[in-house]
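Under full-length UniProt numbering, think of the first position of the sequence shown as 1, with each following residue one higher.
Have a look at the structure below before the remarks.
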Amino acid sequence: MVFETETMVNMNSLFSLFVLTRVTFSTGDQELATSAAGEKGFSFGEEGFFTGTERRSTVRSSGPCQVITLREENFHDAFSQFTAEASLLQELNVKWKQQVNKRDAELYTKYGGALDLEILRMTLKQTDEFQHCPPGFLYLIALSMVIKEVRADEAVLSKRQYQDGGTLFVVLQGSAEVMKDDISASHTVGLKQVFWKAVNMPVRGWVKATELCVAAVVPEGVVREAESTFPDVVLLRH
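Structure (C-alpha coordinates):
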(Lines of atoms letter the chains of each structure in order from A and count residues from 1; the text may use other names and numbers.)
(Lines give C-alpha, C1' and ligand atoms only; values in the text may rest on other atoms or scores of the structure.)
Protein backbone atom coordinates (compact mmCIF):
# COMPACT_ATOMS: atom_id res chain seq x y z
CA MET A 1 0.00 0.00 0.00
CA VAL A 2 1.24 3.53 -0.81
CA PHE A 3 -0.29 6.50 1.02
CA GLU A 4 0.08 10.14 0.02
CA THR A 5 0.55 13.18 2.25
CA GLU A 6 -1.74 13.53 5.26
CA THR A 7 -3.21 10.04 4.89
CA MET A 8 -4.10 8.29 8.15
CA VAL A 9 -3.08 4.69 8.74
CA ASN A 10 -5.73 2.61 10.49
CA MET A 11 -4.31 1.51 13.84
CA ASN A 12 -7.49 -0.26 14.91
CA SER A 13 -6.71 -3.36 12.91
CA LEU A 14 -5.58 -5.66 15.69
CA PHE A 15 -3.01 -8.37 15.05
CA SER A 16 -1.34 -6.44 12.24
CA LEU A 17 2.13 -4.93 12.08
CA PHE A 18 3.02 -2.05 9.77
CA VAL A 19 6.30 -0.98 8.19
CA LEU A 20 6.55 2.48 6.68
CA THR A 21 8.69 5.48 5.79
CA ARG A 22 7.71 8.64 7.74
CA VAL A 23 4.67 9.26 9.94
CA THR A 24 3.30 11.37 12.79
CA PHE A 25 1.74 9.69 15.84
CA SER A 26 -0.96 11.53 17.79
CA THR A 27 -3.70 10.96 20.33
CA GLY A 28 -6.64 13.36 20.19
CA ASP A 29 -5.15 16.74 19.25
CA GLN A 30 -1.77 15.99 20.86
CA GLU A 31 1.15 15.12 18.60
CA LEU A 32 3.21 12.37 20.25
CA ALA A 33 6.08 11.72 17.88
CA THR A 34 7.26 12.05 14.32
CA SER A 35 9.47 9.33 12.96
CA ALA A 36 11.29 8.76 9.69
CA ALA A 37 12.10 5.21 8.70
CA GLY A 38 15.39 5.85 6.93
CA GLU A 39 16.70 3.15 4.64
CA LYS A 40 15.53 0.17 6.69
CA GLY A 41 11.98 1.22 7.53
CA PHE A 42 10.44 0.71 10.96
CA SER A 43 7.43 -1.01 12.44
CA PHE A 44 4.51 0.10 14.58
CA GLY A 45 1.39 -1.57 15.90
CA GLU A 46 3.29 -4.02 18.09
CA GLU A 47 1.37 -3.38 21.30
CA GLY A 48 -2.01 -4.32 19.86
CA PHE A 49 -0.39 -7.10 17.85
CA PHE A 50 1.20 -8.87 20.84
CA THR A 51 -1.36 -8.14 23.56
CA GLY A 52 -4.69 -7.56 21.81
CA THR A 53 -5.11 -4.24 23.65
CA GLU A 54 -6.95 -1.35 22.04
CA ARG A 55 -4.71 1.07 20.17
CA ARG A 56 -4.96 4.68 21.25
CA SER A 57 -2.81 6.45 18.66
CA THR A 58 -3.63 7.86 15.26
CA VAL A 59 -0.88 7.62 12.64
CA ARG A 60 -0.70 10.13 9.80
CA SER A 61 1.76 9.99 6.92
CA SER A 62 3.81 13.16 6.45
CA GLY A 63 4.42 12.45 2.76
CA PRO A 64 4.22 9.64 0.21
CA CYS A 65 4.43 6.56 2.39
CA GLN A 66 4.78 2.87 1.58
CA VAL A 67 3.16 0.59 4.13
CA ILE A 68 3.57 -3.16 4.43
CA THR A 69 0.92 -4.93 6.49
CA LEU A 70 1.91 -8.17 8.20
CA ARG A 71 -0.84 -10.40 9.58
CA GLU A 72 -0.42 -12.45 12.73
CA GLU A 73 -0.46 -15.86 11.05
CA ASN A 74 2.13 -14.81 8.46
CA PHE A 75 4.33 -13.25 11.13
CA HIS A 76 4.53 -16.37 13.29
CA ASP A 77 5.02 -18.64 10.27
CA ALA A 78 8.00 -16.54 9.20
CA PHE A 79 9.60 -16.35 12.65
CA SER A 80 9.23 -20.08 13.31
CA GLN A 81 11.95 -20.66 10.72
CA PHE A 82 14.54 -18.71 12.75
CA THR A 83 15.19 -20.29 16.15
CA ALA A 84 17.20 -17.49 17.80
CA GLU A 85 14.84 -14.73 16.66
CA ALA A 86 11.79 -16.78 17.66
CA SER A 87 13.24 -17.22 21.16
CA LEU A 88 13.80 -13.47 21.53
CA LEU A 89 10.31 -12.78 20.22
CA GLN A 90 8.80 -15.13 22.80
CA GLU A 91 10.75 -13.36 25.58
CA LEU A 92 9.51 -9.97 24.38
CA ASN A 93 5.95 -11.25 24.12
CA VAL A 94 5.94 -12.41 27.75
CA LYS A 95 7.52 -9.18 29.00
CA TRP A 96 5.07 -7.11 26.97
CA LYS A 97 2.05 -8.74 28.59
CA GLN A 98 3.64 -8.39 32.04
CA GLN A 99 4.25 -4.70 31.43
CA VAL A 100 0.66 -4.10 30.33
CA ASN A 101 -0.66 -5.89 33.42
CA LYS A 102 1.39 -3.81 35.89
CA ARG A 103 0.57 -0.38 34.43
CA ASP A 104 -0.79 2.40 36.57
CA ALA A 105 -4.29 2.54 35.12
CA GLU A 106 -4.91 6.11 36.31
CA LEU A 107 -1.75 7.46 34.63
CA TYR A 108 -2.40 5.59 31.39
CA THR A 109 -5.94 6.92 31.27
CA LYS A 110 -4.73 10.48 31.93
CA TYR A 111 -1.93 10.52 29.33
CA GLY A 112 -3.42 8.15 26.77
CA GLY A 113 -1.26 6.99 23.88
CA ALA A 114 1.71 9.07 25.08
CA LEU A 115 2.62 6.18 27.40
CA ASP A 116 2.19 3.34 24.92
CA LEU A 117 5.32 1.25 24.50
CA GLU A 118 5.65 2.15 20.84
CA ILE A 119 5.81 5.85 21.75
CA LEU A 120 8.28 5.14 24.56
CA ARG A 121 10.48 3.32 22.06
CA MET A 122 10.39 6.31 19.72
CA THR A 123 11.18 8.67 22.58
CA LEU A 124 14.25 6.62 23.44
CA LYS A 125 15.25 6.68 19.77
CA GLN A 126 15.22 10.48 19.85
CA THR A 127 17.70 10.72 22.74
CA ASP A 128 21.45 11.11 22.28
CA GLU A 129 22.15 7.97 24.29
CA PHE A 130 19.89 5.56 22.41
CA GLN A 131 19.50 7.07 18.92
CA HIS A 132 21.58 4.41 17.19
CA CYS A 133 20.03 1.39 18.95
CA PRO A 134 17.91 -1.17 17.05
CA PRO A 135 14.19 -1.53 17.89
CA GLY A 136 14.65 -4.82 19.78
CA PHE A 137 17.19 -3.17 22.11
CA LEU A 138 14.85 -0.25 22.77
CA TYR A 139 11.89 -2.51 23.46
CA LEU A 140 13.85 -4.49 26.06
CA ILE A 141 14.35 -1.20 27.92
CA ALA A 142 10.83 0.16 27.36
CA LEU A 143 9.29 -3.08 28.61
CA SER A 144 10.97 -2.57 32.01
CA MET A 145 10.06 1.10 32.41
CA VAL A 146 7.93 2.33 35.29
CA ILE A 147 6.07 5.59 34.61
CA LYS A 148 6.03 8.17 37.42
CA GLU A 149 4.18 11.47 37.69
CA VAL A 150 6.06 13.76 40.08
CA ARG A 151 4.84 17.13 41.30
CA ALA A 152 7.11 20.18 41.28
CA ASP A 153 9.82 20.18 43.98
CA GLU A 154 9.33 16.49 44.75
CA ALA A 155 11.91 13.75 44.09
CA VAL A 156 12.12 11.98 40.75
CA LEU A 157 15.03 10.03 42.23
CA SER A 158 15.50 9.75 45.98
CA LYS A 159 18.86 10.29 47.69
CA ARG A 160 19.33 6.54 47.92
CA GLN A 161 18.48 5.92 44.26
CA TYR A 162 20.77 8.74 43.19
CA GLN A 163 23.70 7.64 45.33
CA ASP A 164 23.44 4.01 44.18
CA GLY A 165 23.63 5.20 40.58
CA GLY A 166 21.66 2.19 39.40
CA THR A 167 18.61 4.01 38.03
CA LEU A 168 18.11 6.12 34.93
CA PHE A 169 15.05 7.85 33.56
CA VAL A 170 13.70 9.65 30.50
CA VAL A 171 11.64 12.82 30.88
CA LEU A 172 8.35 12.48 28.99
CA GLN A 173 6.89 15.74 30.25
CA GLY A 174 8.29 18.61 32.27
CA SER A 175 11.87 18.85 33.55
CA ALA A 176 14.09 17.99 36.50
CA GLU A 177 17.40 18.99 38.05
CA VAL A 178 20.11 17.39 40.19
CA MET A 179 20.24 18.71 43.74
CA LYS A 180 22.98 18.60 46.37
CA ASP A 181 21.06 18.89 49.60
CA ASP A 182 18.73 21.81 48.76
CA ILE A 183 21.07 23.53 46.31
CA SER A 184 20.94 23.06 42.53
CA ALA A 185 23.98 21.24 41.14
CA SER A 186 23.51 22.88 37.71
CA HIS A 187 22.60 19.63 35.95
CA THR A 188 19.16 19.78 34.34
CA VAL A 189 17.16 17.09 32.54
CA GLY A 190 14.79 18.39 29.89
CA LEU A 191 12.04 16.94 27.74
CA LYS A 192 13.05 13.69 26.03
CA GLN A 193 16.44 13.72 27.74
CA VAL A 194 17.98 10.83 29.68
CA PHE A 195 19.26 11.14 33.23
CA TRP A 196 22.17 8.81 33.83
CA LYS A 197 24.43 9.64 36.80
CA ALA A 198 27.78 10.85 35.46
CA VAL A 199 31.20 11.35 37.04
CA ASN A 200 30.87 15.15 36.89
CA MET A 201 27.77 15.08 39.10
CA PRO A 202 27.81 15.22 42.91
CA VAL A 203 28.47 11.88 44.62
CA ARG A 204 25.52 12.46 46.94
CA GLY A 205 22.34 14.20 45.99
CA TRP A 206 18.88 13.66 44.53
CA VAL A 207 16.87 14.65 41.45
CA LYS A 208 14.03 17.16 41.85
CA ALA A 209 11.15 17.85 39.50
CA THR A 210 11.25 21.56 38.61
CA GLU A 211 7.64 21.38 37.38
CA LEU A 212 5.05 18.64 36.98
CA CYS A 213 7.22 15.87 35.57
CA VAL A 214 6.36 12.56 33.95
CA ALA A 215 9.37 10.24 33.85
CA ALA A 216 9.97 6.73 32.57
CA VAL A 217 12.28 5.07 35.10
CA VAL A 218 14.36 1.97 34.39
CA PRO A 219 17.07 0.08 36.34
CA GLU A 220 20.53 0.36 34.80
CA GLY A 221 20.78 -3.45 35.00
CA VAL A 222 18.10 -3.70 32.31
CA VAL A 223 20.31 -1.65 29.96
CA ARG A 224 23.22 -3.97 30.68
CA GLU A 225 21.06 -7.02 29.90
CA ALA A 226 20.04 -5.40 26.61
CA GLU A 227 23.72 -4.81 25.81
CA SER A 228 24.40 -8.51 26.40
CA THR A 229 21.57 -9.43 24.02
CA PHE A 230 22.82 -6.92 21.42
CA PRO A 231 26.63 -6.98 21.81
CA ASP A 232 27.20 -4.77 18.77
CA VAL A 233 25.43 -1.82 20.41
CA VAL A 234 27.75 0.84 21.82
CA LEU A 235 25.96 3.38 24.02
CA LEU A 236 26.89 7.00 24.44
CA ARG A 237 26.82 7.82 28.12
CA HIS A 238 27.30 11.42 29.18
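Glycine included, C-beta positions come from ideal geometry on N, C-alpha and C.
Check: Residue closest to V189, alpha-carbon to alpha-carbon, out of F130, E177 and N74; Outcome: E177
Check: Close-in-space but distant-in-sequence residues of the same chain around R151 (CB under 7 Å, 5 per side omitted); Outcome: A209 and L212
Check: Closest by C-alpha distance to residue 239, when choosing among L143, E106, G205 and T229; Outcome: Within the shown structure, residues of the chain are numbered from 1 to 238, placing residue 239 beyond reach of any answer.
Check: Three or more C-beta pairs below 8 Å linking the region 93-106 and the region 189-209; Outcome: no
Check: Test item: CB-CB of residue 260 and F169 under 7 Å; Outcome: Any property of residue 260 remains undetermined from this structure, which presents the chain solely from 1 to 238.
Check: Runs of beta strand (DSSP E) wholly within the region 136-167 (minimum 3 residues, chain order); Outcome: 146-150 and 155-157
Check: Helix, strand or coil at A209 [DSSP, three-state]; Outcome: strand
Check: Boundaries (first-last residue) of the alpha helix (DSSP H) holding K110; Outcome: A105 to Y111
Check: Proximity to V194 [Cα-Cα], best of L235, T229 and F230; Outcome: L235
Check: S228, enclosing alpha helix (DSSP H) - first and last residue; Outcome: E220 to T229
Check: Rounded straight-line distance, which links the Cα of R204 to that of D77; Outcome: 52 Å
Check: Outcome for V223 when other beta-carbon atoms lying within 10 angstroms are tallied against a minimum of 16; Outcome: buried
Check: Given D153 as reference, the closest of F75, D181 and V146 once Cα atoms are compared; Outcome: D181
Check: Nearest to S228 (by Cα), restricted to the options T83, L88 and I119; Outcome: L88
Check: Close Cβ partners of C133 (< 6 Å) along its chain, the five nearest in sequence each way excluded; Outcome: V233
Check: C-alpha distance - E225 paired with G166, whole-angstrom precision; Outcome: 13 Å
Check: C-beta contact flag for W196 and A155 at 7 Å; Outcome: no
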